[in-house]
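Everything on this sheet refers to the single structure shown next.
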Amino acid sequence: MSTTPVTRRDFLKLAGAASALATGACTAPPDEIVPYVKPRAIADGIAQFYATAMTMQGRAVGLLVQSDMGRPTKIEGNPAHPSSLGSTGAFEQASILELWDPARSRTLRHRGVPATREALAAEWRRTLAALEARDGEGLRILTGYVGSATLRAQLAGIAKKHPAMRLHEWEPLHRDNSLEGARLAFGRRVDCAYRFEAADVVVAIDADPLGAGPGWVRHARDFASRRAPQSMGRLYAIETFPSITGSMADHRVALAPAAIRQWLLGLDAALRGETSTALPLVMAAARDLLAHRGRALVIAGESLPPAAHAIVHRMNARLGAPGNTVSYLPPVSGVACAESIKTLSEDMRAGRVRALLVLGGNPAYDAPSDYDFSGALAKVPMSAHVSLYEDETSAACAWHVPRAHYLEEWSDATAHDGTASIVQPLVAPLYGGISVHEAAAMLEDESASPRELVMRALRLEGDAWRTALRDGVVASSAPTPLALAARDVAFTPVDASGWTAAFRPDAAVHGGEFAPNAWLQELPRPESKLVWDNAAYVSPASASQLGVKNGDLIEVSVAGRKVRAPAWILTGHADGTITLPLGYGRERAGPVGSHVGFDAYPLRAAATPWDVACTVTREGGARALAATQLHTSMEGRDPAKRMTLADALSGHAAAHGEKPTESLYPAWPYESYRWAMAIDLNACIGCNACTVACQAENNIPTVGKEEASRGRSMHWIRVDRYEEGGAVLHQPVPCMQCEDAPCEAVCPVGATVHDSEGINVQVYNRCVGTRFCSNNCPYKVRRFNFFHYSAGPGERPVEGSNPQVTTRMRGVMEKCNYCLQRITRARLQADKEDRRIAEGDVVTACQAACPTKAITFGDMADPASAVAQVKRSPRGYTLLEELNTRPRTTYLARVANPNPEAGP
Amino acid sequence: MSALYGVMAELADEKALLAAAREARDAGWSGVEAYSPFPVEGLAETLAPRASRLPFFVLLFGIFGGAAGYFLQWYTAVISYPINVGGRPLHSWPEFIPVTFETTVLFAALAAVIGMIAGNGLPRLRHPLFDAPHFDLATRNRFFLCLRGDAPRFDEERARGFLESLRPIRVIEVAA
Amino acid sequence: MSSEVLRGRWGYASVTDKIADLVLRRRTHWLWALGFGIAGTLTLVFLGGIVWLFAVGVGIWGVNIPVAWGFAIVNFVWWIGIGHAGTFISAFLLLLRQKWRNSINRFAEAMTLFAAGIAGMWPILHLGRPWFFYWLVPYPDVMNVWPQWRSPLVWDFFAISTYLTVSLLFWYVGLIPDLATLRDRAHGVWRRMIYGFLALGWRGEARHWARFETAYLLLAGLAAPLVISVHSIVSLDFAIGNTPGYHSTIFPPYFVAGALFCGFAMVLVIAIPMRRFLRLEDFITIRHLDNAAKILLATGLLVAYGYGMEVFTAFYSGDEYEIAIALDRMKGFYAPVYWTLICLNVVVPQILWWRRARRSVATLFAVGILVNIGMWLERFMIVESSLAHDFLPSAWRPFIPTGWDWAMLAGSVGLFALFFLAFVRLLPALSIFEMRELVEEEKEGEVA
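Protein chains in written order, with the numbering used here: chain F, 1 to 904; chain Z, 905 to 1080; chain C, 1081 to 1528.
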């Protein structure tokens, strides 16, 4: 996986040299540079992996990045990293496209005109010299949550040099409420790290710990470890919006935000011993929690006010959670974002800000709408914005500085549990970007290289540095959890009537920072399967109250500010509430992300970041939305099977009905490996990480909204969503690799045939495009290049693609082939070592990425292999078994573990 | 006499032609040809009693076409390019039947047409008869009986006399 | 005196002159020119569609996943169905010695050829990479790969190419004596040369006629099962598949009946204006139209039986997918299509029980048009609704045609019309020698 320190250092020297060449030139090179790499890697073409980490909102997921001949092509999780354990989410997977995105900024600009780095440095020198007399008063730096010790040290250094300067922080998806809630409960701000593997009973109150936020990948893994029937935990979810966490819950109640606060108070009362309440599920949940003291956990979502968080801390204390199922860690940030951005806006408007450095972020787009951040920014004489794209904030600042991607820079990062890791560059900046550290260094007259800054900040050198670099984590750097006592805090929720607008991060573009990423734009949102758009989500009852159907426009207004949005009906959404996903309607998000969807930020004031009373009116007209799945009912066909815990424990078979065993033809003999896959529906949370991982691994193109709305998405593994009786089931569907494949028999040219190990392969060169195979595929896993999608906009340049996978031309069919190239890679290695391919040598891209390890893959000819063992489970079943296609991909049924006391 | 293709009587209808052909046969004439704008029943049997070999030829080619079609499928699927297609046996004979049927019909049909054209000595774009006056009516409404000049024991005077005895519209001399 | 299949007093000469002069002497009628102009324009639309299709890909159509087969396959099946009546008339009615066949076989065969030719284009246009269509042909190549014989598409390829070849041969063999007639009656040198070349030097010798008749009869004998096989094999494109709504053993006879139904409807649609504008009422009499209408009625009943059996077998099988597709057709997204086609194909033809309707030219023309539309809708319904609603509910998605889909369908109708209008000006629309035979059989020969 990693290389020896010597060769590693050689590479870094060369990468550094290339970086210096690229950024030292007078103007950025017209084309992306491909850095020089070790000749050995070129000669044998074997991919290398380097450890690094990707940070979002101050918390990082550790990664191993695949480098093919010096070019980063694929991202995997770092098994040694506590936030990853080898898995990743969709954002991490899609960040490889961000690296290569040709729409990324390449030019340093001063008021729109290309300028040089020296000119910027000179401007800073002039500005700082002018501010020197007043100790730097008027100098401001705006960052997001800072997860990098290096940057913290740099900022501290600047503050020391300019004592009167001020630092500000703004994250659109900030954690002000939980941090303030901790302060109310404990007297200090803390971050919570949850330990789902230790929790028998979890109550998530408007929280989505399995689907978003710091540590979610790890949470999902730990949660899945408690879904095995033998050690099955129970999850209650009370929420407004049908989140991923809610979809996995054994009990779920959809409530409007105000009702959720009442519910929380009800639970608190029940835990304190009050025995009657009219609120659904409260008594059952409370009894369940109390019965599992020390193994129970209550989680409050960010949308709850600080006092509610404080109450939840008190509940957890009562349930014996601290130290068992939750631990408290030093916080990511010491300031309240809303307060910080407010001060900055007011100071800018009053002319008190002379110079502003914005490191990342996009406040001109996502700052609270009541502060008119962009308007205030115009009054700052010297402003500079360091960002990957020329976005809304870049346009509002005097200077725009192209930022190096995290795969191009030296830095460090902090995991959700506080573990430190090093961010190392895999490639010299492709488009001449500079890192935030270099940008900050301009203000502190620092001449040390970013790498030296990182070494200094982490206090690492020599072997310790090299080991940390290789492993991707700094050994035993996780902070000791804080032992804190929770106080009683009073909480009186405000009663609300009428409509509520709720703001949520979008599952694909997050707060808007991923809007330029075509893979994410085209990633079906778990709840709605919409792509390339956001929509105002409403419940069926609310929709009929408003008289709208999917796509009909509504107008949501809050305090005179209005947003027009297309409605989309979600079963499982709370009545009376409209969820408005953030991150859309961007003006400057490149060719991919601009003018997509509607912008909900104008409704979002600093005081009401997550929900607010609103008025809703039906507008005329409709907007065509693209969804990749139009039908979520199973129609009694049970493609995604469910069983009760009792049945699962007693070994009841999930498959029912007649099993066809006879075939007209004798079985085809497979003498060596028999590759097979099993997907555990009880573990799958529907997060889509597999879909993006597959897209990155197999060079799968995007098709755009118009094509997606015609049903032409190209994903080789899709995640079907079924809703049945209030339950949600996620079913990833890759190719079933049927042994008696119906697709193959109907191809007139033999373009899809079986290989000797039982994989149904697609021969692109031979395909003439009759599409008969797709018609005859009962699982509809085949994807067709109706146009030349691989040459379309938003794709990686060929240098960034997986060199072991052909890109497909128009007119040919494609589909999942169990990552055949990975099998080949393992086979080559095994052949060199004169042995069979061993268990674990082949890990498919979807399997590797899966946060819950729902996917098992291997050689089922070996009875001891994991996949063979999993397939023997009584929960195992075959999709559409009655067709007797004999798929190699099979499923394990979902298990429900409802509280017998809770009623239906 | 070698400059003469034959002597020909132009007749008004198919009955006259059939009667003339019978008389010529009964009179022992050889090298008798009869031309009509549509097939006249009994005429060919009168002039050439031997049954046509065309059906046999067509049958032969049909069998050959079917065998060749099946062989092609078997050879390519089992010997030349054996590959696992959807777990089906290499020799999936039931699925080879449609193509076998089609090649049978194709070869038989081609044999029928080619056999007919070749048996009739066609194509022959130039022919002495085309220069004969009035022969263009052979494809409209006139019927012709021709005694070939190259027949053994042909005598132009006798032939003309025989044709005149049929009371034709006219007797035409056809140059070779 | 006149009979039912030949009206008025016609002799060998007059019947020959009448039909041959349609080609050789008749001046261009302004209606013909107008029709030719419209057909030509539509053909250009078709060609434009093909150019754009080849330039950017089949994505210009409404095809998607799950409905990967769109108008191209619907049009293919529709056209190949229309291309059935001609050979059926020529072959079956010849074998059954139906003398009313003589005056309609020629143009019906021409219709067959044009329709089958256009039908044959669709599967090629349908391909994702149409320039590689020849990979369905078995030929030795360097990669040693061959067609995959288990695929109904390969069967289709053989069936269509054989059918086209045999139909063309049948038509051409029948044309040889008439080409000789044109050769002998044409005035211009070029015409004489061209018709003469095509006539191969036909002289009408008795032994030639005998071989000709043998060959013609053998061809009829071969073409008869071929006609049945072609649409049977086309139906296997669907029936071999496992898609609910496709996977049905009734498909071969059901498709053949549908093809004849549609084909005879097209014969009426063509014969009625043709006999009017070319003044062929004496040859294509009310009796002919009446007979065609009876076949239309009979095949229509077979088709109706097919519809009934489809629904019956779906429920009788107890297969939940088949039942779902049967119900979806009646109640789902495509329900308007289903009920329209039931109306056009089952209800409308029942009017033909009435002798008055069968003898009303306007009624027959209207029924012909409606049945053609109905049969197109039937193919649309089979192809699209089944795919849109198969096994996994998550994959359900309707097919919605684009402007290109409609333009190319209209364009192919234009191309068909263009071919047919050219045909009536260049070749005898009725078989002259067989009309002379008919005159002979009617015993009313005029001796000139």
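Even glycine gets a Cβ: it sits at the ideal position worked out from N, Cα and C.
Straight-line gap, residue i to residue j (C-alpha atoms, nearest Å)
i         : j         : result
F:Arg721  : F:Val728  : 7 Å
C:Ile1240 : C:His1109 : 35 Å
F:Leu139  : F:His715  : 48 Å
Z:Glu1061 : Z:Asp930  : 19 Å
F:Gln48   : Z:Leu1010 : 60 Å
F:Val870  : F:Lys74   : 28 Å
F:Gly112  : F:Asp222  : 49 Å
F:Asp372  : F:Ser394  : 16 Å
C:Arg1516 : Z:Leu915  : 16 Å
F:Ala693  : F:Cys819  : 11 Å
F:Ser95   : F:Ala605  : 30 Å
F:Ala129  : F:Ile158  : 14 Å
F:Ala854  : F:Gly711  : 27 Å
Buried or exposed (CB count within 10 angstroms, at least 16 for buried), residue i
i         : result
F:Gly583  : buried
F:Ser672  : exposed
C:Phe1363 : buried
F:Thr492  : exposed
C:Cys1423 : exposed
C:His1311 : buried
C:Ala1211 : The sequence shown places Trp at residue 1211 of chain C, rather than the Ala named in the question. With fewer than 16 other Cβ atoms within 10 Å, it is exposed.
C:His1267 : exposed
F:Arg40   : Any reading at F:Arg40 needs caution, since the residue's pLDDT is 41, under 50, leaving its predicted position unreliable; the model's value is listed next. Counting Cβ neighbours within 10 Å, F:Arg40 comes out exposed, since fewer than 16 surround it.
F:Asn765  : exposed
F:Lys529  : buried
Any chain C beta carbon closer than 7 Å to residue i
i         : result
F:Lys780  : yes
F:Glu635  : yes
F:Ser774  : yes
F:Leu892  : no
F:Met1    : With a pLDDT of 38 at F:Met1, under the threshold of 50, the modelled position of that residue is not reliable, and no figure is offered here.
Z:Asp1040 : yes
CB contact below 7 Å: residue i versus chain F
i         : result
C:Val1310 : no
C:Thr1323 : yes
C:Ala1135 : no
Z:Arg926  : no
Chain Z contact for residue i (CB, 7 Å cutoff)
i         : result
F:Val753  : yes
C:Gly1166 : no
F:Tyr145  : no
F:Ala745  : yes
Is the region 1009-1022 of chain Z touching the region 954-964 of chain Z in the sense that three or more CB pairs, one from each, lie closer than 8 Å? yes
Cβ contact check for the region 1156-1163 of chain C and the region 1335-1347 of chain C: 3 or more pairs under 8 Å: The count of Cβ pairs closer than 8 Å, one atom from the region 1156-1163 of chain C and one from the region 1335-1347 of chain C, reaches three, so the stretches are in contact.
What residues from the region 782-802 of chain F come within 8 Å of chain C, judged by C-beta to C-beta, listed N to C? From the region 782-802 of chain F, only Arg782, Arg783, Phe784, Asn785, Phe786, Phe787 and His788 have a Cβ closer than 8 Å to chain C.
Given a limit of 8 Å on CB to CB distance, which residues of the region 1013-1026 of chain Z reach chain C? Ala1013, Leu1014, Ala1016, Val1017, Gly1019, Met1020, Ile1021, Gly1023, Asn1024 and Leu1026
Residues of the region 158-174 of chain F with a CB closer than 9 Å to any CB of chain Z: list them in chain order, please. none
Three-pair Cβ contact test at 8 Å for the region 1348-1356 of chain C versus the region 1179-1196 of chain C: yes
Any residues in the region 985-998 of chain Z with a beta carbon nearer than 9 Å to a beta carbon of chain F? Which ones, in chain order? Tyr985, Ile987, Asn988, Val989, Gly990, Gly991, Arg992, Pro993 and Ser996
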